[in-house]
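Going by UniProt numbering, the letters in the sequence shown line up with residues 1 to 372, in that order. Encoded as structure tokens, the structure appears first; notes follow it.
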Amino acid sequence: MDRKILVGFIMDGKAGGIDRYLLNFLENVWDDEMQIDFLSNEVDGDLKEYLKKYHSRIFPIANLRHPVSQFRQVKQLIKAEDYDMVYLNISTAIDCIAAMAASRCRIPRILIHSHSSGNDCENIGKRKVLDGIHYFCRSFLYRFGTEYYGCSKKAGEWMFPKKIVDSPRFHTIFNAIDMKKFSFNDVLRRETRKELKIEDRFVIGHVGNFCYQKNQEYLLEVFEEIHRKCPKALLLMAGKGPRFEKIKKMADEKGLGDCVIMTGFRKDVYRLFQAMDFFVLPSNFEGLPTVGVEAQCSGLPCLMSSRITEEARITENCWFMSLKDKPEQWADFILAHRQKDRAGIKWLGNKENYSLENLKIQQIKQLVKGME
1 MDRKILVGFI MDGKAGGIDR YLLNFLENVW DDEMQIDFLS NEVDGDLKEY LKKYHSRIFP
61 IANLRHPVSQ FRQVKQLIKA EDYDMVYLNI STAIDCIAAM AASRCRIPRI LIHSHSSGND
121 CENIGKRKVL DGIHYFCRSF LYRFGTEYYG CSKKAGEWMF PKKIVDSPRF HTIFNAIDMK
181 KFSFNDVLRR ETRKELKIED RFVIGHVGNF CYQKNQEYLL EVFEEIHRKC PKALLLMAGK
241 GPRFEKIKKM ADEKGLGDCV IMTGFRKDVY RLFQAMDFFV LPSNFEGLPT VGVEAQCSGL
301 PCLMSSRITE EARITENCWF MSLKDKPEQW ADFILAHRQK DRAGIKWLGN KENYSLENLK
361 IQQIKQLVKG ME
């Protein structure tokens, strides 16, 4: 019976989709006879305290700038703790060192889970180099695993060869959410809009890290066109990241500073979704955007870039457009598809793929099978 699981890689428990997924994993599969530990490049005090109630430990290891050190540390940890399973959640194949160490230790179950479909790097030259390294590592990463997962088929195709993705060894586990928490609430909508002083505005919404991946520069160009045609429009953006100040300056330079609200990181994003009228996500790439699912659950019409997998579409009011289209085309589409009835959501058949209860069943069935 498998009892000891080593999971990688978590940051601070608040960093984004992978962190949320891993904490859901811990809560869903843990029992008092199981030891679930985590790998991280840096130990966060709050996260360490939170993990105590699950008797979970977090072990700091060297980052990828020191691959030899990381390999040695992971190998020594696995040997010392005698883990039965290693479960690695990664965004690029460059993060192959821990899988290599687990394979060298002859761990019987090595699970590799892909959570992205591109390299998030600010510098275009460096990004091309990283893409090259990723595809090189991708050619052998799968050899270190025994089971393969992705938050979407597109994420799987980014990380693994086609022969793996098309085989029974690959499984899709979608990014699930608490659907009740994000369901439309008219009272909360009115309260939040009043707090933000946006009661009479047409609110375009966006949630995400301010980085190359999320492409807020293009969003601002789209909003500029929307505002020109609809002066009551307002752009509400939540998140933090390396491009935050750049986007803020860009909004000011376009004369949009008074109609762009940048909240920074928010723990109550579900409230912001209620305040929005339309959600826009022009990402350069995604594994599968959890915020897109959350927005749809709150009844928002959504427009996403066509670089995002259509597996993210769970309502009829979700559409995709190419980033090759002009910002004016995006703006016209948004203005033409404004919805009034937030409560009357027309769900598609894949809705249940994203429920927390379904995630729990999937994780227990697929990730800890054979533990009885």
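Glycine residues also receive a C-beta, built at the ideal position from the N, C-alpha and C atoms. Just so you know, these numbers come straight off a predicted model, no measurement behind them.
Nearest-angstrom Cα separation, counted from residue j out to residue i
{"i": "D12", "j": "L47", "result": "6 Å"}
{"i": "A155", "j": "A336", "result": "32 Å"}
{"i": "R20", "j": "N89", "result": "12 Å"}
{"i": "K79", "j": "S103", "result": "12 Å"}
{"i": "V280", "j": "R307", "result": "13 Å"}
{"i": "E253", "j": "E245", "result": "12 Å"}
{"i": "K197", "j": "A295", "result": "21 Å"}
{"i": "S40", "j": "Y83", "result": "17 Å"}
{"i": "G132", "j": "R243", "result": "24 Å"}
{"i": "Y87", "j": "P67", "result": "19 Å"}
{"i": "E217", "j": "K126", "result": "20 Å"}
{"i": "K128", "j": "R342", "result": "42 Å"}
{"i": "L130", "j": "K232", "result": "42 Å"}
{"i": "T263", "j": "S283", "result": "19 Å"}
{"i": "I226", "j": "A331", "result": "5 Å"}
{"i": "F25", "j": "R228", "result": "45 Å"}
{"i": "R193", "j": "D277", "result": "11 Å"}
{"i": "Q320", "j": "Q73", "result": "In the sequence as presented, Gln is not what sits at residue 320; that position holds Phe. Each residue's Cα considered, the two are about 44 Å apart."}
{"i": "K346", "j": "C318", "result": "10 Å"}
{"i": "D200", "j": "N350", "result": "34 Å"}
Buried versus exposed, by CB contacts within 10 Å (16 or more), residue i
{"i": "G292", "result": "buried"}
{"i": "I124", "result": "exposed"}
{"i": "E372", "result": "Because the pLDDT at E372 is just 49, under 50, the model does not fix this residue reliably, and the point stays unresolved."}
{"i": "P168", "result": "exposed"}
{"i": "R106", "result": "exposed"}
{"i": "M1", "result": "Low local confidence applies: a pLDDT of 41 at M1 is under 50, so the model's placement there is unreliable, with the coordinate-based value given in what follows. By the 10 Å Cβ count, M1 comes out exposed."}
{"i": "S298", "result": "buried"}
{"i": "Q363", "result": "buried"}
{"i": "D32", "result": "exposed"}
{"i": "G17", "result": "buried"}
{"i": "F265", "result": "exposed"}
{"i": "F136", "result": "exposed"}
{"i": "K189", "result": "Correcting the residue identity first, residue 189 is Arg in this sequence and not Lys. When all chains shown are included, R189 counts as buried."}
{"i": "D95", "result": "buried"}
{"i": "T344", "result": "Residue identity differs from the one stated: residue 344 is Gly in this sequence, not Thr. Classification for G344: exposed."}
{"i": "I361", "result": "exposed"}
Test item: CB-CB of residue i and residue j under 8 Å
{"i": "I173", "j": "Y149", "result": "yes"}
{"i": "F144", "j": "M100", "result": "yes"}
{"i": "G239", "j": "V203", "result": "no"}
{"i": "K153", "j": "E311", "result": "yes"}
{"i": "L303", "j": "I334", "result": "yes"}
{"i": "L359", "j": "N28", "result": "yes"}
{"i": "L219", "j": "I261", "result": "no"}
{"i": "I314", "j": "Y270", "result": "no"}
{"i": "E286", "j": "S117", "result": "yes"}
{"i": "F182", "j": "F273", "result": "yes"}
{"i": "Y50", "j": "C121", "result": "no"}
{"i": "L141", "j": "A62", "result": "no"}
{"i": "I97", "j": "L64", "result": "yes"}
{"i": "D44", "j": "V7", "result": "no"}
{"i": "D178", "j": "L323", "result": "no"}
{"i": "N175", "j": "T290", "result": "yes"}
{"i": "E224", "j": "L256", "result": "yes"}
Residue i - DSSP class collapsed to helix/strand/coil
{"i": "Y87", "result": "strand"}
{"i": "I133", "result": "helix"}
{"i": "T172", "result": "strand"}
{"i": "M179", "result": "helix"}
{"i": "F202", "result": "strand"}
{"i": "I10", "result": "coil"}
{"i": "F210", "result": "coil"}
{"i": "D31", "result": "coil"}
{"i": "F223", "result": "helix"}
{"i": "D19", "result": "helix"}
{"i": "L303", "result": "strand"}
{"i": "I5", "result": "strand"}
{"i": "T315", "result": "strand"}
{"i": "I361", "result": "helix"}
{"i": "D46", "result": "helix"}
{"i": "L288", "result": "coil"}
{"i": "D186", "result": "helix"}
{"i": "F323", "result": "Per the sequence shown, the amino acid found at residue 323 is Leu instead of Phe. Note: L323 maps to coil in three-state DSSP."}
In the segment 226-285, which residue ranges form an unbroken alpha helix (DSSP H) of at least 4 residues, counting only runs that do not cross its ends? 244-253, 269-275
May I have a chain-ordered list of the alpha helix (DSSP H) segments no shorter than 4 residues that lie completely inside the segment 329-359? none
Just list the beta strand (DSSP E) runs in the segment 58-127, keeping only unbroken ones of 3 residues or longer that don't cross its boundaries, in chain order. 58-60, 85-90, 109-114
Ordered list of beta strand (DSSP E) runs contained in the segment 140-164, each at least 3 residues: 147-150
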